[in-house]
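Q:
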Amino acid sequence: MASSPSSTPRFAYKGDRLKPLRAFCQTARLGSVSRAAEALYLSQPAVTLQLQALEREMGIRLLERTGRRIALTREGQELYDLARPLVEGLDGLDAAFHERIRGLDAGELNVAAGSSTILYLLPRIVEAFRAAHPEVRLSLHNVTGAGGLDLLRSDGVDLAVGSMLDVPADLSYEPVYRFEPMLITPRDHPLAQKASITLDDLSPYGLILPPQRLTTYRLIDLVFQQNRVPYTVALEVGGWEVIKQYVAMGLGISIVTAICLTEADRERLSARSLAEYFPSRTYGVVVRKGKYLSPQARAFVELIKPALFERGDYYSTGQSER
Numbered sequence: 001m002a003s004s005p006s007s008t009p010r011f012a013y014k015g016d017r018l019k020p021l022r023a024f025c026q027t028a029r030l031g032s033v034s035r036a037a038e039a040l041y042l043s044q045p046a047v048t049l050q051l052q053a054l055e056r057e058m059g060i061r062l063l064e065r066t067g068r069r070i071a072l073t074r075e076g077q078e079l080y081d082l083a084r085p086l087v088e089g090l091d092g093l094d095a096a097f098h099e100r101i102r103g104l105d106a107g108e109l110n111v112a113a114g115s116s117t118i119l120y121l122l123p124r125i126v127e128a129f130r131a132a133h134p135e136v137r138l139s140l141h142n143v144t145g146a147g148g149l150d151l152l153r154s155d156g157v158d159l160a161v162g163s164m165l166d167v168p169a170d171l172s173y174e175p176v177y178r179f180e181p182m183l184i185t186p187r188d189h190p191l192a193q194k195a196s197i198t199l200d201d202l203s204p205y206g207l208i209l210p211p212q213r214l215t216t217y218r219l220i221d222l223v224f225q226q227n228r229v230p231y232t233v234a235l236e237v238g239g240w241e242v243i244k245q246y247v248a249m250g251l252g253i254s255i256v257t258a259i260c261l262t263e264a265d266r267e268r269l270s271a272r273s274l275a276e277y278f279p280s281r282t283y284g285v286v287v288r289k290g291k292y293l294s295p296q297a298r299a300f301v302e303l304i305k306p307a308l309f310e311r312g313d314y315y316s317t318g319q320s321e322r
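Sequential numbering from 1 applies to the sequence shown in the UniProt record's numbering.
In structure tokens, the structure reads:
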């Protein structure tokens, strides 16, 4: 090793900093110049020259001999901590690059969605995506509201699928599906026999609704308040499947979005449209503005609706028409 750093260092190896840094990291890891030379398929003098050049460039002693081994100085340890991940990253660049360009043959996709979207809207889309891209690791994050928006903003997910009423300025929402509001009752309920339904007709019966923090509850409350029709809540419970079960048991009536109604439900429930009083709900794709959509994300969106985000360079995302 150099006995003392030169006051006017000559940077003989500065044109290729990776070589001396690689030699330094191997020497620090193996504790021997000769072993480092063997690992790098170089001669021992060549490694020694690279280490000397690095010390001259840094202007400080990085290595010292303790007995038969080479040890790091305090400053050398700091440089090793900084340089090791850089050298390992560059040495692994080729493999990492080819892994990336494998595109849809590998990689992962993270999608945020609420329970109703995962249960009723996404099964066929997920099935088609898995069939077309079986090597992609697909993760569905069951989150709603602020939790899903936080994941989008932090790039914790690639995209979200669900319903939005108010779209923040930093996100883009493209509605794809539209579902009517539906009154559901037991099949033998008095309201099931009426030719037409008004809000006043609902007033005597207790409603089974999702929790107050959810948009559905607030929207129903707003409509009743605007029309000055009194109503009562018999039960608050989360999940459309639970609500439908309790309605079928005769514990109350409910107002749900048509997305959750299946053919099997029609055997135990009466369903009537309330589109005259309540707005329809849209479901679609939400992305963060400015986020580049990966090939995996683009393929997933194509299954929901082809060319959904294609407006100019929209696969880098852009403005929503909503």
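Glycine residues also receive a C-beta, built at the ideal position from the N, C-alpha and C atoms.
Here the structure is a predicted model, which is why all the values come from computation and not from measurement.
Should Tyr-283 and Leu-159 be called a contact, given that it needs their Cβ atoms to be closer than 8 angstroms?
A: The residue given as residue 283 occupies position 283 in the sequence shown. The residue given as residue 159 occupies position 159 in the sequence shown. No, the pair does not count as a contact, with Cβ atoms beyond the cut-off.
Q: Flag this pair as yes or no: are the beta carbons of Ile-259 and Ser-116 separated by less than 8 angstroms?
A: The residue labelled residue 259 in the question sits at position 259 within the sequence shown. The residue labelled residue 116 in the question sits at position 116 within the sequence shown. In this structure, Ser-116 lies closer than 8 angstroms to Ile-259 by Cβ.
Q: Against chain B, does Pro-175 count as a neighbour if the rule is that its beta carbon must be under 8 angstroms from one of theirs?
A: Structure shown: chain B not included; a single protein chain is present.
Q: Terminal residues of the continuous alpha helix (DSSP H) containing Ser-34?
A: The sequence position of residue 34 within the sequence shown is 34, counting from 1. Looking at the DSSP string, the run of the alpha helix (DSSP H) that includes Ser-34 is 33 to 40.
Q: Do Ser-203 and Pro-230 have their beta-carbon atoms positioned less than 8 angstroms apart in this structure?
A: As a first step, residue 230 must be located in the sequence shown, where it is residue number 230. As a first step, residue 203 must be located in the sequence shown, where it is residue number 203. Their beta carbons are under 8 angstroms apart, which means Pro-230 touches Ser-203 by this criterion.
Q: Under three-state DSSP, which class holds Ala-271?
A: Sequence index remark: in the sequence shown, residue 271 carries index 271 (1-based). It is a strand residue.
Q: Can you tell me which of the three DSSP states Glu-276 falls into?
A: Residue numbering aside, residue 276 sits at position 276 when the sequence shown is read from its first letter. It is coil, neither helix nor strand.
Q: Pick helix, strand or coil for Glu-55, following the three-state DSSP scheme.
A: The residue given as residue 55 occupies position 55 in the sequence shown. Glu-55 falls in the helix class under three-state DSSP.
Q: If contact is defined by three or more beta carbon pairs under 8 angstroms, each pair taking one atom from either stretch, is the region 184 to 191 in contact with the region 133 to 153?
A: The region 133 to 153 vs the region 184 to 191: no contact.
Q: Just verifying my parser: in three-state terms, what is the DSSP assignment at Val-136?
A: Along the sequence shown, read from residue 1 onward, the residue named residue 136 stands at position 136. Coil at Val-136, not helix or strand.
Q: Check whether the region 15 to 33 touches the region 66 to 74, counting contact only when three or more Cβ pairs, one atom from each stretch, lie closer than 8 angstroms.
A: Result yes; three or more Cβ-Cβ pairs closer than 8 angstroms.
Q: Classify Gly-250 as buried or exposed, calling it buried when 16 or more other Cβ atoms lie within 10 Å of its own Cβ.
A: Position 250 of the sequence shown, counted from the first residue, corresponds to residue 250. Under this definition Gly-250 is an exposed residue.
Q: Would Leu-308 pass as a contact of Ala-128 if the rule is Cβ separation under 8 angstroms?
A: For the purposes of this step, residue 308 is taken as residue 308 along the sequence shown, with counting starting at 1. For the purposes of this step, residue 128 is taken as residue 128 along the sequence shown, with counting starting at 1. Cβ atoms of Leu-308 and Ala-128: not closer than 8 angstroms.
Q: Pro-190 to Tyr-205, Cα distance in whole Å?
A: Within the sequence shown, residue 190 is the residue found at index 190, counting from 1. Within the sequence shown, residue 205 is the residue found at index 205, counting from 1. For Pro-190 and Tyr-205, the distance between alpha carbons rounds to 10 angstroms.
Q: Quick check: Val-87 and Arg-35, are their CB atoms within less than 8 angstroms of each other?
A: Mapped onto the sequence shown, residue 87 falls at position 87. Mapped onto the sequence shown, residue 35 falls at position 35. No; because the gap between Cβ atoms is not below 8 angstroms, this pair is not in contact.
Q: Buried or exposed, going by whether 16 or more other CB atoms sit within 10 Å of the CB of Tyr-41?
A: In the sequence shown, counting from the first residue as 1, residue 41 sits at position 41. So Tyr-41 ends up on the exposed side.
Q: Any chance the region 164 to 172 sits against the region 277 to 296, with 3 or more Cβ pairs inside 8 angstroms?
A: The region 164 to 172 is in contact with the region 277 to 296.
Q: What are the uninterrupted segments assigned as alpha helix (DSSP H) that are 4 or more residues long and contained completely in the region 182 to 219, given in chain order?
A: Listed in chain order, the complete alpha helix (DSSP H) runs (minimum 4 residues) inside the region 182 to 219 are 199 to 202.
Q: Taking DSSP's pairing of strands, which residues face Tyr-283 in a bridge?
A: The residue you call residue 283 lines up with position 283 of the sequence shown. For Tyr-283, which the question treats as bridged, DSSP gives the partners Tyr-177.
Q: Does DSSP put Glu-88 in a helix, in a strand, or in coil?
A: Locating residue 88 in the sequence shown gives position 88, where the first residue counts as 1. Helix, per DSSP.
Q: Return the bridge partner residues of Leu-72 from the DSSP annotation.
A: Translated into positions along the sequence shown, residue 72 becomes position 72. Note: Leu-72 sits in a beta bridge opposite Leu-63.
Q: Alpha carbon to alpha carbon, what distance is there between Leu-165 and Lys-19?
A: Stepping through the sequence shown from its first residue, residue 19 is reached at position 19. Stepping through the sequence shown from its first residue, residue 165 is reached at position 165. The alpha-carbon atoms of Lys-19 and Leu-165 are separated by roughly 57 angstroms.
Q: What's the gap between the Cα of Gly-147 and the Cα of Gly-114?
A: Indexing the sequence shown from 1 puts residue 147 at position 147. Indexing the sequence shown from 1 puts residue 114 at position 114. So the two alpha carbons sit approximately 10 angstroms from each other.
Q: Could you pull the DSSP bridge partners for Ser-254 from this structure?
A: To locate residue 254, count along the sequence shown from 1; it is residue 254. According to DSSP, which records beta bridges pairwise, Ser-254 is partnered with Ile-184.
Q: Is it buried or exposed, Pro-45, if we count other Cβ atoms within 10 angstroms and call 16 or more buried?
A: Taking the sequence shown and counting its residues from 1, one reaches residue 45 at position 45. When all chains shown are included, Pro-45 counts as exposed.
Q: Buried or exposed: Val-264, going by 16 or more other Cβ atoms within 10 Å of its Cβ?
A: Against the sequence shown, residue 264 aligns to sequence position 264. Looking at the sequence provided, one finds Ala at residue 264 rather than Val. It counts as exposed.
Q: Measure the Cβ-Cβ separation of Phe-278 and Leu-219 and say whether it is below 8 angstroms.
A: For the purposes of this step, residue 278 is identified with residue 278 of the sequence shown, where counting begins at 1. For the purposes of this step, residue 219 is identified with residue 219 of the sequence shown, where counting begins at 1. Taking 8 angstroms as the Cβ cut-off, Phe-278 and Leu-219 qualify as a contacting pair.
Q: Count the other CB atoms within 10 Å of the CB of Asp-94; is the residue buried (16 or more) or exposed (fewer)?
A: For the purposes of this step, residue 94 is taken as the residue at position 94 of the sequence shown. Label assigned to Asp-94: exposed.
Q: On the three-state DSSP scale, how would you describe Lys-19?
A: For this step, residue 19 is matched to residue 19 along the sequence shown. Helix.
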